[in-house]
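A short worksheet on the structure shown next.
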Amino acid sequence: MATASSIMADEEVPPLEDVPEVLEKLKIASQTNKIKSTTSEAEKKNDAKHVTQAEKSSTGFGGMKKGFLFGGSAKPVKKKSAKTTPQSASSTETKEHVEDIPHIKATPAKSSLVLSEVQEAMKETREAKDFQESISKRLESNPKVSDVLSDPAWIPILDEFQRDPEAAMKKYKDDAEIRSTMLELCNVLGDTFLHMSRSNTSEEEKLAEKLMEDPKVKEALTDPLVMTMMAHMKNGANDKVQRCFQSANPEQRKHIQTLIDFGLFSFAM
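Residue 110 in the UniProt record's numbering is what sits at position 110 of the sequence shown, and the numbering runs on without skipping anything.
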């Protein structure tokens with residue numbers, strides 16, 4: 001606290017007429033310092049009081065436990081146990097399902113045999129394509145024959161010549177138009193068929209030979225009733241085929257079923 005002597009020591013001594021004014025200033029300064037000191041102590045006490053109240057309020061409010069309004073006090077976080085969600089279960093099942101699927105390994109075939117079969121098929125395809133191109137060129141050079149092959153009225157006549165040429169020639173020996181047309185047709189297609197490779201013309205023969213190697217097929221084809229049915233099928237007499245089938249005994253029915261299984265017989269029972 002500044003005293004009158006210290007102020008007078010620091011400053012020049014005022015005149016005597018100013019002494020009352022100086023004393024008044026010293027009095028005011030002394031009172032101001034007391035007010036500041038009192039205010040500082042009051043603020044410290046007030047701060048301490050607020051801290052105490054905050055600590056009390058943190059422990060409870062009106063006798064209620066902390067966290068009454070906001071869900072309770074903080075609890076230690078527990079480690080969540082591993083739960084199987086539907087998605088994780090689905091992925092687990094999928095993984096197990098994939099693991100259960102056996103790995104299928106391709107058995108290596110005999111490459112030489114496969115290559116041979118592929119080459120043979122390619123050769124037959126080329127030959128068939130060449131044959132078709134040759135036929136197309138020959139038909140283009142003879143419009144009459146081309147028209148015959150696309151005429152619905154000629155389809156049954158051509159079918160007769162394909163099934164039994166000798167019987168068809170006898171039937172139409174007096175029909176000059178049919179005889180001349182068939183002659184032109186043979187001239188157009190005859191050379192082409194003669195120049196076809198043996199492998200293309202004997203596919204049915206090869207299949208027949210292979211089927212005849214089976215004892216069941218061979219026995220079925222030598223059955224008299226089966227031979228009669230085949231003759232009726234060739235002539236298109238389906239009613240006679242049905243009657244033969246109805247009259248067949250169990251053994252003959254077994255032979256007929258064998259031929260059906262091998263694709264040699266196909267008719268409505």
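For glycine and all other residues, C-beta sits at the position ideal for the given N, C-alpha and C.
A quick note: this is a predicted structure, and the numbers were derived from the prediction, not measured.
- Query: Are Leu-211 and Val-217 closer than 8 Å when you measure CB to CB?
  - Reply: For Leu-211 and Val-217, yes; Cβs fall inside 8 Å.
- Task: Compute the Euclidean distance between the alpha carbons of Thr-228 and Ser-141, then round it to the nearest angstrom.
- Result: One C-alpha to the other measures close to 44 Å.
- Task: Return the first residue and the last residue of the alpha helix (DSSP H) that Pro-224 is part of.
- Result: Residues 224-235.
- Whole-angstrom distance between Asn-235 and Phe-262, CA atom to CA atom: Put simply, the backbone Cα of Phe-262 is about 22 Å away from that of Asn-235.
- Where does Ala-248 fall in DSSP's three states? Here DSSP, grouped into helix, strand and coil, assigns Ala-248 to coil.
- How should Ala-231 be labelled, buried or exposed, when 16 other C-beta atoms within 10 angstroms of its C-beta is the threshold for buried? Around the beta carbon of Ala-231, fewer than 16 other beta carbons lie within 10 angstroms, which makes this residue exposed.
- Query: Between Val-148 and Leu-183, which are expected to be in contact by the criterion C-beta below 8 Å, what is the C-beta distance as a whole number of angstroms?
  - Reply: 12 Å between Cβ atoms; not a contact.
- Message: By the three-class DSSP mapping on this structure, what secondary structure does Asp-261 have?
- Response: DSSP places Asp-261 in the helix class (H, G or I) of the three-state scheme.
- Separation of Lys-137 from Ser-146, as counted between CA atoms: Cα to Cα, Ser-146 sits roughly 11 Å from Lys-137.
- Message: Just to confirm my understanding: we take Leu-259, look at its own chain, exclude 5 residues before and 5 after, and list those with CB closer than 8 Å. What are they?
- Response: Cβ neighbours of Leu-259 beyond the five flanking positions: Val-217, Ala-220, Leu-221, Val-226, Phe-265.
- Hey, could you find the ends of the alpha helix (DSSP H) Lys-171 is sitting in? Taken as a continuous stretch (DSSP letters only), the alpha helix (DSSP H) holding Lys-171 covers 165-171.
- Task: Whole angstroms is fine: what's the gap from Pro-156's alpha carbon to His-255's?
- Result: Roughly 32 Å separates the two Cα atoms.
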